[in-house]
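S.K.: Mind looking over this structure? Questions follow.
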Amino acid sequence: MAIATPQSPIVKAARVSTDKSAMAMATTLFFMWGFLTALNDILVPHLKNIFDLTYAEVMLVQFSFFSAYFFFSIPSGKLIEWIGYKRSMVAGLFTMGFGALLFIPAASVPSFPLFLAALIVLAAGITVLQVSANPYVSVLGAPETASSRLNLAQAFNSLGTTIAPYLGGLFILSATARRVDELRQLPADALQAYRLHE
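Heads up: the sequence shown begins at 101 in this note's numbering, then just goes up one per residue.
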């Protein structure tokens, strides 16, 4: 390691500024996927009640969501090598959007396996987004401040995971849900109508 002496010239590093609009967009994405990840916990009791599931069956929600990280992380890295950070983030957003749209037929049928399939597609999109957005944030400015940018973005991710249970509880669990024993006593057509309404 060279030590600067009074006789040696001092070379100043070029100042690299952070692209603020790209950082704001990336931070919004961090917030969004934190929010969506935390909504799983709200879906669990709701789906358990609607489909009269056991705890083992309803935990497939968490298993399906987080198994997407296992199956899609390495392919996401290959996608980044192929098309780059920005295009990978766009691909992740489109995949998330497609997964979210799959919730519409899953709710209209209603079908628990279709909910799980939609959740896996949504989580695959989030995985692509996470794998591409983390390194993207680190290259948005000077290398020596990369950790600060990542900490800021992750703070918004944590904010999303903090707010989501409250808002999800208000909107998803706001209706008074019937108890499982009440659902078991309903005739088949009334049960189907209840599931469609929920």
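Quick reminder that beta carbons are idealized off the backbone N, C-alpha and C, glycines included.
Since we're looking at a predicted model, the values are computed, not measured.
Where does residue 124 land, buried or exposed, given buried means 16+ other C-beta within 10 angstroms?
M.R.: Here residue 124 refers to the residue found at position 24 when the sequence shown is read from its first residue. Burial call: exposed.
S.K.: Should the segment 169 to 186 be called in touch with the segment 198 to 211, which here means at least 3 C-beta pairs below 8 Å?
M.R.: They do not touch, by the three-pair rule.
S.K.: Which complete beta strand (DSSP E) runs does the segment 127 to 205 hold, if anything under 3 residues is left out?
M.R.: Counting only runs of 3 or more, we get nothing.
S.K.: Counting only the same chain and skipping the five closest in sequence on each side, list residues whose C-beta sits under 8 Å from that of residue 256.
M.R.: For this step, residue 256 is matched to residue 156 along the sequence shown. Only 127, 128, 130, 131 and 134 meet the Cβ criterion.
S.K.: Can you tell me where the alpha helix (DSSP H) holding residue 219 begins and where it ends?
M.R.: Locating residue 219 in the sequence shown gives position 119, where the first residue counts as 1. 212 to 238 is the span of the alpha helix (DSSP H), which, as asked, contains residue 219.
S.K.: With a Cβ-Cβ cutoff of 8 Å, do residue 216 and residue 192 count as a contact?
M.R.: Numbered from 1 along the sequence shown, position 116 holds the residue referred to as residue 216. Numbered from 1 along the sequence shown, position 92 holds the residue referred to as residue 192. Not a contact, by the Cβ cut-off of 8 Å.
S.K.: Please classify residue 227: is it buried, with 16 or more other beta-carbons within 10 angstroms of its beta-carbon, or exposed?
M.R.: Working through the sequence shown from its first residue, we reach residue 227 at position 127. So residue 227 ends up on the buried side.
S.K.: Between the alpha carbons of residue 156 and residue 148, how many angstroms are there, rounded?
M.R.: Taking the sequence shown and counting its residues from 1, one reaches residue 156 at position 56. Taking the sequence shown and counting its residues from 1, one reaches residue 148 at position 48. The straight-line gap from Cα to Cα measures roughly 10 Å.
S.K.: Quick one: residues in its chain with C-beta nearer than 6 Å to the C-beta of residue 272, no 5 flanking neighbours on either side, listed in chain order?
M.R.: Counting from one through the sequence shown, the residue named residue 272 turns up at place 172. Excluding positions up to five away in sequence, the list reads 142 and 146.
S.K.: For residue 268 and residue 184, I'd like the C-alpha separation in whole angstroms.
M.R.: By 1-based counting over the sequence shown, the position of residue 268 is 168. By 1-based counting over the sequence shown, the position of residue 184 is 84. C-alpha separation (whole angstroms): 34 Å.
S.K.: Just mark residue 258 as buried or exposed, buried being the case when its beta carbon has 16 or more other beta carbons within 10 Å.
M.R.: Here residue 258 corresponds to residue number 158 of the sequence shown, with the count starting at 1. Burial call: exposed.
S.K.: First and last residue of the alpha helix (DSSP H) that includes residue 265?
M.R.: Here residue 265 is taken as the residue at index 165 of the sequence shown, counted from 1. Element bounds for residue 265: 246 to 271.
S.K.: Distance, Cα to Cα, residue 195 vs residue 251?
M.R.: Within the sequence shown, the letter at position 95 stands for residue 195. Within the sequence shown, the letter at position 151 stands for residue 251. If you take the alpha carbons of residue 195 and residue 251, they lie about 26 Å apart.
S.K.: Residues in the same chain with beta-carbon distance under 6 Å from residue 260, minus the five sequence neighbours each way, listed in chain order, please.
M.R.: Mapped onto the sequence shown, residue 260 falls at position 160. Same-chain partners within the cutoff: 131, 134 and 135.
S.K.: Out of 249, 158 and 144, state which residue places its alpha-carbon closest to the alpha-carbon of residue 119.
M.R.: Stepping through the sequence shown from its first residue, residue 119 is reached at position 19. Here the closest residue by C-alpha is 249.
S.K.: Considering only residues of the same chain and omitting the five flanking positions on each side of residue 305, which have a CB-CB separation below 7 Å?
M.R.: Since the first residue shown for the chain is 101 and the last is 298, residue 305 is missing from the structure and cannot be characterised.
S.K.: Helix, strand or coil, according to DSSP, for residue 242 in the structure here?
M.R.: Here residue 242 corresponds to residue number 142 of the sequence shown, with the count starting at 1. Looking at residue 242 - three-state DSSP - the assignment turns out to be coil, as it is neither helix nor strand.
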